[in-house]
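For the sequence shown, the positions run 6 to 208 when the working numbering is used.
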Amino acid sequence: MNNFWDERFANNKSVYGEEPNQFFKEQLSKLESGAILLPAEGEGRNAIYAAKSGWDVSAFDTSKVGRENALKRAKQENVVIDYKLQDVMDFKYPENEFNAIGLIYSHFPSNIRTTFHQKLVSSLKIGGYIILEGFSKNHLQFSEKNPSAGGPRNIDMLFDAKSILADFKGLETVIIEEKVVHLAEGEFHQGESYVVRYVGKRV
């Protein structure tokens, strides 16, 4: 296995479940279908949902096993996703390409995150949206009590509203909130969790 994620995804079950993230699903349903990018997409639960909803889906991840699992399930679901094996710093972000970008639990150190997020803004078409859900810095108190809640243990990889708004300062804010939710996403996102939710529009 070439990384942590290959090992996690190698157990022959969808470790974060097969259903899409609820916030992603809710927000995507408000938009007209078009081209969507899903970075760090793992086993493809959100990509497959988007494809089944009529979106033209591009995705990437560093995990070979995650990609293989996603493409296998996409074939079973009779949908097509363009899924590349790349990391967030090496991916070639086309300008003005996507109607939506989904960032669901895509956590990186802050020195990578800010650059990555700013590249995503330029890849949005005018009128396009970024949909983000991830763990808040306040989530550590939940994951310490309940390891099954998941999430990074390094606070630098966690979000807060201020940093997300700064990263996406070129977008019009539609939603920004930090709240406690109950996650039921496979084996590794279970129980009360503190999350940041964001939707931004390029205008």
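Even for Gly, the Cβ is constructed at its ideal location relative to N, Cα and C.
If you drop the 5 nearest sequence neighbours on each side, which residues of the same chain put their C-beta closer than 6 Å to that of residue i?
{"i": "P25", "result": "R50, N51, Y54"}
{"i": "L42", "result": "S63, F103, I106"}
{"i": "G175", "result": "V126"}
{"i": "F96", "result": "F65"}
{"i": "D61", "result": "A40"}
{"i": "D92", "result": "T67"}
Compare the beta carbon distance of residue i and residue j with 8 Å and say whether it is the shorter of the two.
{"i": "E138", "j": "F65", "result": "no"}
{"i": "V204", "j": "I136", "result": "yes"}
{"i": "L90", "j": "I106", "result": "no"}
{"i": "I109", "j": "R207", "result": "no"}
{"i": "P44", "j": "S127", "result": "no"}
{"i": "Y88", "j": "R78", "result": "no"}
{"i": "H144", "j": "G133", "result": "no"}
{"i": "K57", "j": "E23", "result": "no"}
{"i": "Q195", "j": "A154", "result": "yes"}
For residue i, collect the residues of the same chain with a Cβ closer than 8 Å to its Cβ; drop the 5 residues on either side in sequence, then sort them by chain order.
{"i": "S141", "result": "L163, F164, D165, E183, Y199, V200, V201"}
{"i": "K150", "result": "none"}
{"i": "G59", "result": "S38"}
{"i": "P114", "result": "N159, D161, M162"}
{"i": "T120", "result": "M94"}
{"i": "N8", "result": "T67, S68"}
With a threshold of 16 other CB atoms inside 10 Å of the CB of residue i, please say whether the residue is buried or exposed.
{"i": "N116", "result": "exposed"}
{"i": "S68", "result": "buried"}
{"i": "A171", "result": "exposed"}
{"i": "V85", "result": "exposed"}
{"i": "E220", "result": "Residue 220 lies beyond the stretch modelled for the chain, which goes from 6 to 208, so this question has no answer here."}
{"i": "I169", "result": "buried"}
{"i": "S148", "result": "buried"}
{"i": "R158", "result": "exposed"}
{"i": "E48", "result": "buried"}
{"i": "L188", "result": "buried"}
Mind reading off the beta-carbon distance from residue i to residue j? Whole number of angstroms is fine, and I expect it under 8 Å.
{"i": "A75", "j": "E46", "result": "7 Å"}
Here's a check: name, in chain order, each residue in its chain whose Cβ is nearer than 7 Å to the Cβ of residue i, leaving out the five neighbours to either side.
{"i": "E100", "result": "S127, S128"}
{"i": "V179", "result": "V204, G205, K206"}
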